[in-house]
Ligand SMILES: [Fe+2]
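Numbering (our numbering), first residue to last: 17 to 272.
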């Protein structure tokens, strides 16, 4: 997940320096039970209220298999499909390293899972948010391409001191976007797909704004990282947003 503070341009740290072994064997029976509880609860909650490629990804990557997924097993399914691979990290990755990962089709997932008494509280995104929320869409070829492109845009924007622009595009699409599909409003973003409270809130609350997604609007729309969003951007379709974001050049982005 994206760190909420843009860290600027001078960091020469390599993204590889943030990667740690997942140590899957260190997950306890309780950890696996928490995953199973979260997974069952969220799949039931979402039903068909999430874009269909997300549900396809759950199946393709066999995420319904009990227990916390192991990174190697996930990559054995994901990498041959779209070239993306998952690496374990101990927490939030600074923006420059995060976008560098995306630009190389690498997605960081937390090497920890929340406790049972904190099912709905997340100080830092854990492996349920990262693996359940994000990874299914990376099995979709066009989304996978767009996500890599966002990584390249992010690096260019940070180098120009404008990283916040890409952070906002990412936030309002990949993380908290909604989208139309088959004439229905659906969840598109990982932050919503993995959230018990905000999934329905984003679709049904009368107390929020829902505005059509465009890169211009995304760049000009601040977001909240510590509360439900006051507004959501709605893609006309997943395909249109993929085309718009995927076709955005860094020159145009910096001019927005
Ligand atoms: Fe995230």
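Ideal placement from N, C-alpha and C gives every residue a C-beta, glycine not left out.
Simplified DSSP assignment, three categories, for residue i
i           : result
residue 268 : helix
residue 279 : Examination of residue 279 is not possible in this model, given that the chain is present from 17 through 272 alone.
residue 261 : helix
residue 112 : helix
residue 154 : helix
residue 197 : strand
residue 35  : coil
residue 282 : Not covered by the structure: residue 282. The range shown for the chain is 17 to 272.
residue 166 : helix
residue 25  : With a pLDDT of 45 at residue 25, under the threshold of 50, the modelled position of that residue is not reliable, and no figure is offered here.
residue 221 : coil
residue 58  : helix
residue 75  : helix
residue 130 : coil
residue 53  : helix
residue 135 : coil
residue 47  : helix
residue 141 : coil
residue 189 : helix
residue 89  : helix
residue 149 : helix
residue 30  : coil
Bridge-paired residues (DSSP) for residue i
i           : result
residue 227 : 249
residue 101 : 122
residue 202 : 195
residue 66  : 203
Distance, residue j Cα to residue i Cα
i           : j           : result
residue 281 : residue 208 : The structure shown does not extend to residue 281, since the chain is modelled only from 17 to 272, so the question has no answer here.
residue 199 : residue 253 : 10 Å
residue 246 : residue 225 : 7 Å
residue 65  : residue 215 : 9 Å
residue 222 : residue 180 : 28 Å
residue 50  : residue 133 : 10 Å
residue 39  : residue 98  : 25 Å
residue 143 : residue 266 : 31 Å
residue 194 : residue 149 : 14 Å
residue 211 : residue 145 : 8 Å
residue 105 : residue 125 : 6 Å
residue 61  : residue 206 : 14 Å
residue 189 : residue 249 : 7 Å
residue 255 : residue 34  : 32 Å
residue 159 : residue 268 : 21 Å
residue 37  : residue 147 : 16 Å
residue 152 : residue 257 : 17 Å
residue 76  : residue 67  : 15 Å
residue 91  : residue 32  : 17 Å
residue 94  : residue 128 : 21 Å
residue 131 : residue 103 : 22 Å
residue 161 : residue 52  : 30 Å
residue 177 : residue 81  : 43 Å
Between the region 115-122 and the region 159-170, can you find at least three pairs of beta-carbon atoms closer than 8 Å? yes
Between the region 229-248 and the region 81-99, do three or more beta carbon pairs fall short of 8 Å? no
So, does the region 128-147 touch the region 183-196, judging by three or more C-beta pairs under 8 Å? no
Does the region 224-240 come close enough to the region 257-268 that 3 or more CB-CB pairs lie under 8 Å? yes
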